[in-house]
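The structure appears below as structure tokens.
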Amino acid sequence: MATEQLPAQLAKAESGRRATGYYTDGLIVAAPQLSDIAGYAQTAFASRFRARYGTDPSPEAVRWYEAAELLIQAINAKRVTGNATGVERGQIRDWLAARNSPDSAAAGVAGPVYFDQDRNVQRGITVGAFYAGRLFSAPVQFTPVADLEMVPGWDRLQSTGMVIDSGKTKVVKTPVVYAGIDLNTLDNVDVRNSTFAADFFVWFRFKDDLNFDVHQIEFPTAVSGGDPGKEIFRRSRGGFTTITHHVKGVFHGYYDFSRFPFDQQVLRIPLQARNSTNYALMLAYSNEPEQAGRKESKDGLSPKLWRLKDEIFFRDVVAFQSSLGDEGSQQAVEADRINAAITIKRDVFGYVVKNFLPLACILIALLVGYALAPDVINPRVSIGVTALLTSSVLYQKVASDLPTVTYIMGLDYVFFAFFAICVLFLLLTVVTYETQRAKLNTLTRRLNHSGWVVTLLALAVTITFVWSRYWGHA
């Protein structure tokens, strides 16, 4: 019942006489997975699944994928080779059995995976509600409590009737606020300062009786303009209030340049409730804003030299370690966050034409230099030195546009190859000059020809390497 196929099947049974959701709207079900409170791994998996098969993954698909992923983790952890099948199967079984607590849990698509004493996977129960034929998280979720000391404000939650106490098991009734982001423009991607500018709408939908203050919301990665902004829409309908704000700001980004200039960057805009925990408030991602004026075109999302590749919105929980004023205690305060993850891809063709054209000219100059007579040493040395210095200056120019990194980028291999080609040219220039003076004409011709061939071969190897390792997998 906890799938969106149920409303469609019921509507089909009525031969279209009833609108989708007529039978199911308001129905409360226990749901093994809910997309609006799914984490990044599950959301990314659903996005890939949808792109491949044209439909959302069923709970069974998620579980089968998760089981396969868990086995792969066990195989890698035990370095299974397949040479001793019986022994290695036992090692895999023991590794899985050791995942018996939250501390030893394995990473799963739908969250950490660990087993109880009966070898059952321990997962929290999520409650879904149908609305307009779609399954969303219910306005109240039940959050199990493992350790009372890890729940700030426990006495207040008890006094307000938000705790269900059945003896050994204690559950907090956590209100849900549905939140969503609709991106308008994304520009000024400043990789040097690790920032980017964004303009977007953010909306919240919550029960009318929930004392929710939008000013509790903050954008933790905001450099400037990180407040909810101006309210542009408000409506109360069906027991829910929807408000929309317009936000403009500059946000901090985390960039990875290991594949530069064939890189893709994931720009994230997280929002969270200030001074709140995942027991007091749960944020759920909503992709159906109830306001007019949504932008149908996403052309404004592509900044210069970048192309929009994908948008993923997901929920996660972030933990903050703090003593909370209790000396000798170290607690993990967990808070809900909604994240917009926008994947952008660099315009490789435009970047290569702009920055690699001088390298092509240098290559041509070196090949022409091999055609000069070996005894014309001054022009050949000038060509080699000029090519080496020009490559170095160009390399520094390109590197100056990026922050300082300690790892080798894809671009580095291209320049390393050109440096080697220039040094080879200068070396052969000196050697062939001496062999020419020694009247070793055959050796001189062979060395010149070899330099020409090695230069083209080095270029081909570099292009093949960069393509296979970076560009071909972009």
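Numbered by my numbering, the letters in the sequence shown go through residues 388 to 861 in order.
We treat Cβ as the ideally placed atom computed from N, Cα and C, and that holds for glycine.
Being a predicted model, the structure only gives us computed values, none of them experimental.
At a cut-off of 3 residues, the continuous stretches assigned as beta strand (DSSP E) that sit fully inside the region 533-563 are 550-552.
DSSP, reduced to helix, strand and coil, places Lys696 within a strand of the structure shown.
For Gln783, the secondary structure class from DSSP, reduced to helix, strand or coil, is helix.
The secondary-structure analysis by DSSP pairs Phe588 across a beta bridge with Asp569, His633. For the pair Arg506 and Met669, the Cα-to-Cα distance works out to about 29 Å. Comparing alpha carbon positions, the residue from Thr608, Val601, Gly636 closest to Arg621 is Val601. Around Thr777, the same chain offers Pro745, Ile749 as residues with beta carbons nearer than 8 Å, after the five sequence neighbours per side are excluded. Look at Gln420 here: in three-state DSSP terms it is coil, with no helix or strand label.
For Leu813, the enclosing alpha helix (DSSP H) stretches over residues 797-824. Nearest to Phe627 by alpha-carbon distance, out of Thr791, Tyr794, Trp590, is Trp590. DSSP places Leu834 inside the alpha helix (DSSP H), whose first and last residues are 828-856. Closest in C-alpha terms to Arg486, from the list Val508, Ser837, Gly548, comes Val508.
By the neighbour-count definition (other C-beta atoms within 10 Å, threshold 16), Ala774 is a buried residue. Look at Gly640 here: in three-state DSSP terms it is coil, with no helix or strand label. The beta carbon of Thr513 is closer than 6 Å to those of Ala418, Leu421 in its chain, skipping five residues each way along the sequence. Put simply, the backbone Cα of Pro489 is about 25 Å away from that of Met549. Distance from the CA of Asp503 to the CA of Val564, rounded to the nearest whole angstrom, comes to 32 Å. A contact is defined here as three or more CB-CB pairs under 8 Å, and the region 825-838 fails this definition with respect to the region 776-794. Boundaries of the alpha helix (DSSP H) around Ala448: 446-465.
Minimum Cα-Cα distance from Gly426 among the listed residues Asp799, Arg646, Gln545, Pro657 corresponds to Pro657. Per DSSP, Leu753 lies in no beta strand (DSSP E) segment; the continuous alpha helix (DSSP H) that holds it begins and ends at 735-758. Annotation for Ser623: no alpha helix (DSSP H) segment contains it, though the beta strand (DSSP E) segment containing it runs 617-624.
Beta bridge pairing from DSSP links Arg480 with no other residue. Annotation for Leu834: Leu815, Val818, Thr819, Thr822 place their beta carbon closer than 8 Å to its own, counting only its chain and skipping 5 residues before and after.
When the alpha-carbon of Pro446 is set against those of Arg466, Ala497, Val704, Leu457, the nearest one is in Ala497. Assignment of Ala492 by DSSP, reduced to helix, strand and coil, places it in the coil class. Between Pro531 and Val500, the C-beta spacing is not below 7 Å. Counting C-beta pairs closer than 8 Å gives three or more between the region 569-586 and the region 636-654, which meets the contact rule.
Tyr794 is a Cβ neighbour of Ser645, given a cutoff of 7 Å. Bounds of any beta strand (DSSP E) do not take in Gln429; it lies within the alpha helix (DSSP H) bounded by 427-440. Annotated as distal: Leu654 and Phe517, with beta-carbon spacing of 7 Å or more.
Between Leu457 and Ala493, the beta carbon gap of about 6 Å places them in contact (Cβ cut-off 8 Å).
Just measuring C-alpha positions, the residue of Ala438, Asp443, Leu754, Leu811 sitting nearest Leu522 is Asp443. Residue state for Ala671 is assigned as strand, using DSSP reduced to three classes. Under the DSSP assignment, Ala609 falls in the beta strand (DSSP E) whose first and last residues are 609-611.
Ranking Val810, Leu597, Asp734 by CA distance to the CA of Arg767 puts Val810 first.
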